[in-house]
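Comments concern the structure below.
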Amino acid sequence: MAKMRECPVCGIHVKTENLESHLKRVHPRAKVDVSLTEDDKTAIKIARKEERKRMAPFEERERKKWILAGIIVSVLIVTMVILLSSFGPIGSGCDLVGEDAIYFRRGDVEGNEIDLNDLIEQKELIVLEFFYTECGACQAMASTMHDLHEHYNYGEEVVFIAISSSSRDSVQKVRDFRDTYGGGGNMTYIWDSSFSVSGDYCVQVTPTYVIIDDQGIIVDYFTELRTFDYMVAKIESHLQG
């Protein structure tokens with residue numbers, strides 16, 4: 198038990214080690230000798246040692262709580278990074294319809310250079326599909342995109358470009374995706390290793406579709422799984438417009 202001393206000014210009992218601070222705080226003008234005896238000093242050391250022992254379990258529990266909280270936060274951050282990387286860079290969800298297309302030049306998975314400006318000059322419409330190889334809706338849409346590519350004479354007037362900007366993909370994974378789900382074919386597939394194109398086009402989910410006209414204007418922007426007829430109707434409306 199902590200040793201107590203009586204305050205020589207007000208008479209209350211305080212812990213020996215707290216007497217000096219009590220006098221300074223409560224009786225700042227009092228002139229009192231509160232020199233500690235050797236017994237007092239020993240008692241203070243014992244009291245402080247006992248206090249540390251008493252607080253040790255509590256401090257250990259608090260330390261463990263903070264460690265656990267840190268682990269949980271780290272796991273959440275890693276989980277979010279993995280989820281976000283599945284879709285490539287996350288854009289702001291901005292409305293791009295009516296805006297100028299954002300220029301890019303990339304090599305496709307076969308090593309051919311794809312220059313957006315050249316395509317705008319040569320084609321009536323450009324349809325960009327942003328996808329991720331492990332996205333179920335993208336896998337289901339791959340055959341539809343292949344059929345659209347065939348329907349529009351293999352890019353004669355309308356060119357279709359599928360772009361993956363996911364850090365979990367690779368050139369080989371994109372090739373395998375094309376061959377497994379997209380019917381092989383010669384439709385253009387790009388793995389954007391810089392992960393910048395999907396960010397420029399504000400991609401938040403896959404699949405996302407962007408249609409660009411021959412003036413380089415974004416005329417349509419939509420997401421999710423769509424039917425062949427829906428896609429044809431969209432494309433025809435812009436060809437005729």
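So this note's numbering is basically just the index in the sequence shown, starting at one, shifted up by 197.
Glycine included, every Cβ here is placed at the ideal spot set by N, Cα and C.
Only a predicted model underlies this, so the values are computations on that prediction, with no experimental measurement involved.
Those residues which DSSP pairs with residue i across a bridge
i	result
residue 297	414
residue 361	328, 388
residue 213	DSSP output for residue 213 lists no bridge partner at all.
residue 356	323
residue 310	304
residue 419	406
Beta-carbon contacts of residue i that lie in its chain and below 6 Å, excluding the five residues immediately before and after
i	result
residue 323	316, 356, 409
residue 428	345
residue 416	408, 410, 435
Burial state of residue i (16 or more Cβ within 10 Å)
i	result
residue 252	exposed
residue 289	Bear in mind that a pLDDT of 42 at residue 289, under 50, signals an unreliable position, so the number given afterwards is only what the model happens to contain. It is exposed - the Cβ of residue 289 has fewer than 16 other Cβ atoms within 10 Å.
residue 389	buried
residue 201	exposed
residue 348	exposed
residue 255	exposed
residue 285	Here the model assigns residue 285 a pLDDT of 42, short of 50, so the residue's position is not dependable and the matter cannot be decided.
residue 437	exposed
residue 395	buried
residue 216	buried
residue 205	exposed
residue 302	exposed
residue 377	exposed
residue 293	buried
residue 214	buried
residue 443	Nothing can be reported for residue 443, as the shown portion of the chain is limited to 198 through 438.
N-terminal and C-terminal residue of the alpha helix (DSSP H) that residue i is part of
i	result
residue 372	368-378
residue 435	425-437
residue 219	216-223
residue 402	Where residue 402 is concerned, there is no enclosing alpha helix (DSSP H), given that its DSSP letter is neither H nor E.
residue 318	313-319
Residue i CB to nearest heavy atom of the ligand NAP below 8 Å
i	result
residue 379	You won't find the ligand NAP in this model; it holds no ligand whatsoever.
Cβ-based neighbour list, residue i, same chain, cut-off 7 Å, excluding 5 preceding and 5 following
i	result
residue 333	none
residue 371	306, 330, 361, 386, 388
residue 342	326, 357, 359, 379, 384
residue 368	306, 388
residue 422	334, 337, 338
residue 219	204, 211
Endpoints, beta strand (DSSP E) assigned at residue i
i	result
residue 305	Where residue 305 is concerned, there is no enclosing beta strand (DSSP E), given that its DSSP letter is neither H nor E.
residue 347	Segment 333-348 is the alpha helix (DSSP H) holding residue 347; no beta strand (DSSP E) there.
residue 203	201-203
Beta-carbon contacts of residue i that lie in its chain and below 8 Å, excluding the five residues immediately before and after
i	result
residue 414	295, 296, 297, 298
residue 375	306, 339, 359, 381, 382, 384, 386
residue 432	322, 324, 345, 349, 355, 408
residue 424	341
residue 304	310, 311, 387
residue 291	399
residue 419	405, 406, 431
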